[in-house]
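The structure appears right after this line, and notes come after that.
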Amino acid sequence: MFTVTPKLITTNKEPIATYRTYEEAQKTVDHLSDHGFPVQGTLIVGVGLRSIEQVVARMTYLRAAGWGALSGAWFGLLIGLFFAIFANTAAALLPLLIWGLVWGAVAGAIFGLIAHAVQGGKRDFVSESGLVADKYEVLVDSEHAARAHELLGRASM
0 MFTVTPKLIT
10 TNKEPIATYR
20 TYEEAQKTVD
30 HLSDHGFPVQ
40 GTLIVGVGLR
50 SIEQVVARMT
60 YLRAAGWGAL
70 SGAWFGLLIG
80 LFFAIFANTA
90 AALLPLLIWG
100 LVWGAVAGAI
110 FGLIAHAVQG
120 GKRDFVSESG
130 LVADKYEVLV
140 DSEHAARAHE
150 LLGRASM
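Start counting the sequence shown at 0; every next residue gets the next number (numbering that gives the first Met the number 0).
So, in structure tokens, the structure goes:
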């Protein structure tokens with residue numbers, strides 16, 4: 000994973016454009032790249048970050064059992080596939096996969112119910128989380144900033 004330190008941003012980087020959405024900033028970098036600009040080292044920096052969690056549904060015992068069953072079924076299918084690889088006959092392949100899927104779903108549903116019950120109503124909802132920035136700045140190396148402004152100036156015409 001690439002991490003950006005404040006020193007990296009402030010040393011020899013110059014902002015060339017600011018946008019309201021990440022997609023606009025991404026299009027700018029793509030435009031620069033398409034016109035031969037040296038984009039390595041270019042940064043898209045989110046400014047004014049906020050964490051947003053959107054509640055999408057209420058978590059019920061039925062939903063907890065369903066999510067548990069789905070995740071358990073995948074795990075059971077994987078275990079069934081593992082056993083099927085070492086089975087002596089090809090005829091055992093399908094029954095092992097089906098039994099793994101079924102028992103995984105059952106075990107997953109039970110564990111999903113238990114996990115939901117143990118929380119005691121402290122988190123009875125399903126949500127999606129993300130980071131949103133107020134604006135996005137495109138920064139390039141100072142030595143290439145004039146060329147970037149020139150390319151962006153042509154694009155706006």
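For every residue, glycine included, the Cβ atom is placed at its ideal position computed from N, Cα and C.
Problem - Endpoints, the alpha helix (DSSP H) within which residue 85 is located - result: Element bounds for residue 85: n/a, residue is neither H nor E.
Problem - Paired residues, beta bridge with residue 129 - DSSP - result: 51
Practice task
Please classify residue 29: does DSSP put it in a helix, a strand, or coil?
Solution key: helix
Problem - Backbone secondary structure at residue 74 - three-state DSSP - result: helix
Exercise for the section: Confirm, please, whether the CB-CB distance from residue 41 to residue 139 is below 8 Å. Expected result: The Cβ atoms of residue 139 and residue 41 sit closer than 8 Å to each other.
Practice task
Mind checking which residues open and close the beta strand (DSSP E) that includes residue 14?
Solution key: 12 to 18
Handout entry: For residue 110, three-class secondary structure by DSSP
Key = helix
Exercise for the section: Measure the C-alpha to C-alpha separation of residue 91 and residue 78 and round it to an integer number of angstroms. Expected result: 14 Å
Practice task
Output the distance between the C-alpha atoms of residue 18 and residue 134, rounded to the nearest integer angstrom.
Solution key: 6 Å
Practice task
Report yes if the C-beta distance between residue 128 and residue 32 is below 8 Å; otherwise report no.
Solution key: In this structure, residue 32 does not lie closer than 8 Å to residue 128 by Cβ.
Problem - Inter-residue Cα distance where the pair is residue 112 and residue 36 - result: Rounded to whole angstroms, residue 112 to residue 36 spans 55 Å at the Cα level.
Problem - Nonlocal neighbours in the same chain, by C-beta distance under 8 Å from residue 151, ignoring five residues either side - result: 15, 16, 27, 30 and 31
Practice task
Output the distance between the C-alpha atoms of residue 114 and residue 130, rounded to the nearest integer angstrom.
Solution key: 27 Å
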